[in-house]
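See below for the structure under consideration.
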Amino acid sequence: MATASWIGGPVLRVLRLAHGYDQETIARKANLDRSSVSRIENNKRRPSASALTAWLNTCPVPVIGKHLEIDLAELISSQHDWIRA
């Protein structure tokens, strides 16, 4: 059953590709069928909770900003002399 309102498939594909995995690799690591991976990525099937958990454990989502080691105010002020940190 197509689930056009669910945008997760393309997001999961991008996440898989960002980790450098092909469909076979994510299927093996997440204990899924390759055909299930394809159907999920193409929004032809929603992943079960366990499949989604396995996928995200295999391809963790980076936390934006968690590893930033620069002070944003310092960066901005260095780009614009008129801003004081």
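Letter 71 of the sequence shown, counting from 1, is numbered 71 in full-length UniProt numbering, and no numbers are missing.
Ideal Cβ placement from N, Cα and C applies to all residues, glycine included.
- Taking the C-beta atoms as reference points, THR58 is found nearer than 9 Å to ALA30.
- When the beta-carbon positions are compared, ARG28 and SER36 stay at least 9 Å from each other.
- Straight-line spacing of the CA atoms in PRO10 and TRP55 works out to 13 Å.
- GLU41 counts as buried, since at least 16 other C-beta atoms from the protein chains shown sit within 10 angstroms of its C-beta.
- For ARG45, the three-state secondary structure derived from DSSP is coil.
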